[in-house]
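S.K.: Pasting in a structure now, in structure tokens, and then I'll have a few things to ask.
Residue numbers (the UniProt record's numbering): 1 to 297.
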């Protein structure tokens, strides 16, 4: 035979490594053996009940950590804490979905490891600093707007028009201020004009694009408001979101835009790890996407 497959659990083949052996005395024989090896998958950043859902859908041994685990990369292998602690296990695939204060170190380790990771650690590194991510995104989007600015911490500006200051890496309705006149920046902040209009989020999940009308009682709009809901997808915003996803090489991304009262569109920010649990439809499509990726990685 040219090669053989070893099956377990009926007719379901396990993913395996290939060992190619060539014998000097019988150089015409090229034996390819598919070995049975159960892969170790690590989930990072998910909470219950999402962990249970993913464990049911993913084959192999699954290690899940709601927060950042201990990790190391050694001799080309990634090792991560076991769920119960005590020692670290080698991991074959990683699915990451969270925002943590020190997660950039993990992204560096994942990139150096070079193994299968969802999403791409290089894309996550490029987006992790919100201000740097915004600058990169504005260089690519069709809807950058005009009149943006920057204020270092401790500096004072005197603004003639109403603007929005944003600082830090936690933009979920936080670290933002609507300002005008004299303002002293406690933290280094980006500035953008306050755009009246409708706030929307365009979510890309693989090939699927969904659009959400953000809502809220004041000028801060969010997906978490009870009245936030799906709406018809704007083709231009969908194309822009796809282009930014390609630029950052991310399979899942959510862009927030303002559609002005005159129809003009403005990119506000890129969410490289967007919320995927607020709406059941998004969660279902996310699960299908990551489990499909895991099966083919």
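For every residue, glycine included, the Cβ atom is placed at its ideal position computed from N, Cα and C.
Could you have a look at residue 221 and say whether DSSP puts it in helix, strand or coil?
M.R.: Of the three classes helix, strand and coil, the one that applies to residue 221 here is coil, per DSSP.
S.K.: If residue 278 sits next to residue 223, beta carbons under 8 angstroms apart, how far is it from one beta carbon to the other, in whole angstroms?
M.R.: Indeed, because the Cβ distance is near 5 angstroms, the residues count as touching under 8 angstroms.
S.K.: Put residue 238 into one of helix, strand or coil per three-state DSSP.
M.R.: Correct three-state label for residue 238: helix.
S.K.: Span of the beta strand (DSSP E) holding residue 88?
M.R.: Here the beta strand (DSSP E) through residue 88 covers 88 to 91.
S.K.: Quick one: grab the DSSP three-state call for residue 285.
M.R.: Residue 285 falls in the helix class under three-state DSSP.
S.K.: Quick test of your reading: residue 191 and residue 150, contact by CB under 8 angstroms. State the CB separation rounded to the nearest angstrom.
M.R.: Indeed, because the Cβ distance is near 7 angstroms, the residues count as touching under 8 angstroms.
S.K.: With distances taken between CB atoms, is the gap from residue 196 to residue 260 smaller than 8 angstroms?
M.R.: Yes, these two residues count as a Cβ contact at 8 angstroms.
S.K.: Indicate the three-state DSSP secondary structure (helix, strand or coil) for residue 135 in the structure shown.
M.R.: Three-state DSSP puts residue 135 in a helix.
S.K.: If the criterion is Cβ atoms closer than 8 angstroms, does the pair residue 99 and residue 282 meet it?
M.R.: For residue 99 and residue 282, no; Cβs fall outside 8 angstroms.
S.K.: Looking at residue 76 and residue 93, is the spacing between their C-beta atoms short of 8 angstroms?
M.R.: No, the pair does not count as a contact, with Cβ atoms beyond the cut-off.
S.K.: What are the start and end residues of each continuous beta strand (DSSP E) run of 3 or more residues lying completely inside the segment 147 to 181, in chain order?
M.R.: The segment 147 to 181 contains these whole beta strand (DSSP E) runs: 149 to 151 and 156 to 167.
S.K.: Thinking just about the alpha-carbon of each residue, which of 58, 49, 43 and 46 is nearest to the one in residue 296?
M.R.: Ranking the options by Cα distance to residue 296, first place goes to 58.
S.K.: Between the Cα of residue 231 and the Cα atoms of 177, 140 and 211, which residue gives the shortest distance?
M.R.: Minimum Cα distance to residue 231 is reached at 211.
S.K.: Could you tell me which residues DSSP puts in a beta bridge with residue 211?
M.R.: Looking at the DSSP assignment, residue 211 forms a beta bridge with 202 and 231.
S.K.: What are the residues that DSSP puts in a beta bridge with residue 77?
M.R.: According to DSSP, residue 77 bridges with 74.
S.K.: Identify which residue in 101, 128 and 183 has its Cα closest to the Cα of residue 161.
M.R.: Of 101, 128 and 183, the residue nearest in Cα terms is 183.
S.K.: Let's test the definition: count the other Cβ atoms within 10 Å of the Cβ of residue 187 and tell me whether it reaches 16, buried, or not, exposed.
M.R.: When all chains shown are included, residue 187 counts as exposed.
S.K.: Going by beta carbon distance, what residues of the same chain come within less than 6 angstroms of residue 27, once the five residues before and after it are set aside?
M.R.: The predicted model places residue 27 with a pLDDT of 33, which falls under 50 and marks its position as unreliable, so this point remains unresolved.
S.K.: My understanding is that residue 125 touches residue 96, with C-beta atoms under 8 angstroms, so please give their C-beta distance in whole angstroms.
M.R.: So it is not a contact: roughly 12 angstroms between Cβ atoms.
S.K.: Please state the DSSP three-state secondary structure of residue 196.
M.R.: Reduced to three states, the DSSP call for residue 196 is coil.
S.K.: Using three-state DSSP, classify residue 277 as helix, strand or coil.
M.R.: Coil, per DSSP.
S.K.: List the residues that DSSP assigns as beta-bridge partners of residue 183.
M.R.: BP columns for residue 183 point to 157.
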